[in-house]
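In the working numbering, the protein residues as written are 362 to 522.
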(Lines of atoms letter the chains of each structure in order from A; the text may use other names.)
(Lines give C-alpha, C1' and ligand atoms only; values in the text may rest on other atoms or scores of the structure.)
Protein backbone atom coordinates (compact mmCIF):
# COMPACT_ATOMS: atom_id res chain seq x y z
CA UNK A 362 0.00 0.00 0.00
CA UNK A 363 1.39 3.40 -1.00
CA UNK A 364 2.08 6.12 1.54
CA UNK A 365 -0.51 8.93 1.10
CA UNK A 366 0.36 12.62 1.43
CA UNK A 367 -1.60 15.82 1.04
CA UNK A 368 0.57 18.19 -0.98
CA UNK A 369 0.12 21.52 -2.69
CA UNK A 370 2.08 21.82 -5.93
CA UNK A 371 3.13 25.42 -6.48
CA UNK A 372 3.70 26.09 -10.17
CA UNK A 373 3.04 28.51 -13.00
CA UNK A 374 -0.09 27.65 -14.98
CA UNK A 375 1.92 27.29 -18.18
CA UNK A 376 3.31 24.13 -16.52
CA UNK A 377 -0.08 22.49 -15.79
CA UNK A 378 0.85 19.73 -18.25
CA UNK A 379 3.76 18.71 -15.98
CA UNK A 380 1.57 18.07 -12.91
CA UNK A 381 0.41 14.57 -13.96
CA UNK A 382 4.03 13.69 -14.81
CA UNK A 383 5.23 14.86 -11.38
CA UNK A 384 2.46 12.95 -9.60
CA UNK A 385 3.25 9.85 -11.67
CA UNK A 386 6.97 10.17 -10.80
CA UNK A 387 6.08 10.36 -7.11
CA UNK A 388 3.57 7.50 -7.43
CA UNK A 389 6.12 5.20 -9.06
CA UNK A 390 8.38 5.87 -6.05
CA UNK A 391 5.65 4.58 -3.71
CA UNK A 392 3.70 7.66 -2.61
CA UNK A 393 0.09 8.48 -3.44
CA UNK A 394 -0.38 12.23 -3.84
CA UNK A 395 -3.54 14.09 -2.95
CA UNK A 396 -2.93 17.42 -4.69
CA UNK A 397 -4.65 20.58 -3.50
CA UNK A 398 -3.16 22.96 -6.04
CA UNK A 399 -5.09 25.09 -8.52
CA UNK A 400 -4.70 24.07 -12.16
CA UNK A 401 -6.65 23.96 -15.41
CA UNK A 402 -8.62 20.92 -14.14
CA UNK A 403 -9.56 22.84 -10.97
CA UNK A 404 -9.67 26.44 -12.24
CA UNK A 405 -9.92 29.52 -10.09
CA UNK A 406 -12.36 32.04 -11.55
CA UNK A 407 -11.90 34.70 -8.83
CA UNK A 408 -10.43 38.08 -9.78
CA UNK A 409 -9.58 39.70 -6.42
CA UNK A 410 -5.98 38.92 -5.42
CA UNK A 411 -6.61 39.17 -1.66
CA UNK A 412 -9.65 36.91 -1.95
CA UNK A 413 -7.67 34.35 -3.97
CA UNK A 414 -4.89 34.28 -1.40
CA UNK A 415 -7.11 34.28 1.71
CA UNK A 416 -10.04 32.11 0.59
CA UNK A 417 -8.65 29.82 -2.09
CA UNK A 418 -4.90 29.33 -1.75
CA UNK A 419 -4.38 29.66 2.01
CA UNK A 420 -6.83 26.89 3.00
CA UNK A 421 -5.35 24.51 0.42
CA UNK A 422 -1.80 25.18 1.64
CA UNK A 423 -2.94 24.76 5.26
CA UNK A 424 -4.52 21.39 4.33
CA UNK A 425 -1.28 20.11 2.80
CA UNK A 426 1.62 18.72 4.81
CA UNK A 427 4.10 19.77 2.13
CA UNK A 428 4.35 22.48 -0.50
CA UNK A 429 6.13 21.13 -3.58
CA UNK A 430 7.50 23.82 -5.90
CA UNK A 431 7.75 22.68 -9.53
CA UNK A 432 10.79 24.60 -10.79
CA UNK A 433 10.87 25.49 -14.47
CA UNK A 434 12.35 28.44 -16.33
CA UNK A 435 9.31 30.60 -15.54
CA UNK A 436 8.81 29.71 -11.86
CA UNK A 437 11.22 32.17 -10.23
CA UNK A 438 9.47 35.17 -11.81
CA UNK A 439 6.03 34.23 -10.50
CA UNK A 440 4.75 36.46 -7.70
CA UNK A 441 2.10 33.82 -6.98
CA UNK A 442 4.65 31.02 -6.53
CA UNK A 443 6.78 33.21 -4.26
CA UNK A 444 3.70 34.13 -2.19
CA UNK A 445 2.73 30.44 -1.87
CA UNK A 446 6.24 29.53 -0.70
CA UNK A 447 6.35 32.36 1.83
CA UNK A 448 2.89 31.51 3.15
CA UNK A 449 3.75 27.79 3.48
CA UNK A 450 6.92 28.65 5.39
CA UNK A 451 4.96 30.94 7.72
CA UNK A 452 2.60 28.02 8.38
CA UNK A 453 5.51 25.71 9.26
CA UNK A 454 5.03 23.51 6.20
CA UNK A 455 7.70 21.31 4.68
CA UNK A 456 8.82 22.98 1.43
CA UNK A 457 10.40 20.95 -1.37
CA UNK A 458 11.56 22.31 -4.72
CA UNK A 459 11.71 19.90 -7.66
CA UNK A 460 13.58 20.77 -10.85
CA UNK A 461 11.47 19.77 -13.86
CA UNK A 462 13.23 17.71 -16.51
CA UNK A 463 15.35 20.01 -18.63
CA UNK A 464 15.12 22.87 -16.14
CA UNK A 465 18.13 22.24 -13.90
CA UNK A 466 19.54 25.58 -15.06
CA UNK A 467 16.37 27.44 -14.01
CA UNK A 468 16.49 30.16 -11.38
CA UNK A 469 15.25 29.25 -7.90
CA UNK A 470 12.32 31.36 -6.64
CA UNK A 471 13.54 34.01 -4.19
CA UNK A 472 11.41 32.81 -1.27
CA UNK A 473 12.76 29.28 -1.72
CA UNK A 474 16.37 30.57 -1.81
CA UNK A 475 15.81 32.57 1.38
CA UNK A 476 14.42 29.65 3.39
CA UNK A 477 17.28 27.67 4.89
CA UNK A 478 15.15 24.63 5.78
CA UNK A 479 13.75 24.08 2.29
CA UNK A 480 15.12 21.34 0.03
CA UNK A 481 15.57 21.30 -3.75
CA UNK A 482 15.90 17.99 -5.57
CA UNK A 483 16.08 16.78 -9.15
CA UNK A 484 13.49 14.86 -11.17
CA UNK A 485 14.09 11.56 -9.34
CA UNK A 486 11.11 9.90 -7.70
CA UNK A 487 12.96 8.47 -4.70
CA UNK A 488 14.62 11.84 -3.95
CA UNK A 489 11.31 13.68 -4.22
CA UNK A 490 9.55 11.20 -1.91
CA UNK A 491 12.42 11.28 0.60
CA UNK A 492 12.33 15.09 0.60
CA UNK A 493 8.54 15.14 1.11
CA UNK A 494 8.96 12.68 4.00
CA UNK A 495 11.72 14.82 5.54
CA UNK A 496 14.35 12.09 5.17
CA UNK A 497 16.77 14.33 3.28
CA UNK A 498 17.67 17.90 4.01
CA UNK A 499 20.41 18.56 1.47
CA UNK A 500 19.96 20.24 -1.89
CA UNK A 501 20.71 18.38 -5.11
CA UNK A 502 23.44 19.69 -7.36
CA UNK A 503 21.61 20.27 -10.66
CA UNK A 504 24.77 19.57 -12.66
CA UNK A 505 25.78 16.23 -11.12
CA UNK A 506 22.36 15.10 -9.86
CA UNK A 507 23.94 14.19 -6.53
CA UNK A 508 23.45 15.84 -3.17
CA UNK A 509 24.99 19.20 -2.32
CA UNK A 510 25.26 19.91 1.39
CA UNK A 511 24.85 23.69 1.31
CA UNK A 512 23.36 25.67 -1.54
CA UNK A 513 25.52 28.63 -2.55
CA UNK A 514 22.71 31.07 -1.79
CA UNK A 515 21.72 29.96 1.73
CA UNK A 516 22.75 32.41 4.43
CA UNK A 517 24.32 30.80 7.49
CA UNK A 518 22.34 31.40 10.67
CA UNK A 519 24.07 32.32 13.93
CA UNK A 520 22.74 32.08 17.44
CA UNK A 521 22.55 35.33 19.38
CA UNK A 522 22.93 33.56 22.70
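By construction, the Cβ of each residue, glycine as well, lies at the ideal position given by its N, Cα and C atoms. Bear in mind the structure is a predicted one, so any value in this text is a computation, not a measurement.
query: Integer Cβ distance of residue 388 from residue 369, believed to fall under 8 Å; result: The Cβ separation is near 17 Å, so there is no contact.
query: Cβ-Cβ distance between residue 482 and residue 501 below 8 Å; result: yes
query: Closest Cα partner of residue 451 within the set 366, 426, 436; result: 426
query: Continuous beta strand (DSSP E) assignments of at least 3 residues falling wholly in the region 394-452; result: 427-432
query: Distance between residue 367 and residue 379 (C-alpha atoms, nearest Å); result: 18 Å
query: Residue 462 versus residue 376 - alpha carbon distance; result: 12 Å
query: Length of the line joining the Cα atoms of residue 464 and residue 365; result: 27 Å
query: Backbone CA spacing between residue 400 and residue 374 [nearest angstrom]; result: 6 Å
query: Span of the alpha helix (DSSP H) around residue 491; result: 486-493
query: Distance, residue 429 Cα to residue 371 Cα; result: 6 Å
query: Identity of the residue in 458, 468, 484 nearest residue 498 by Cα; result: 458
query: Buried/exposed call for residue 496, threshold 16 Cβ in 10 Å; result: exposed
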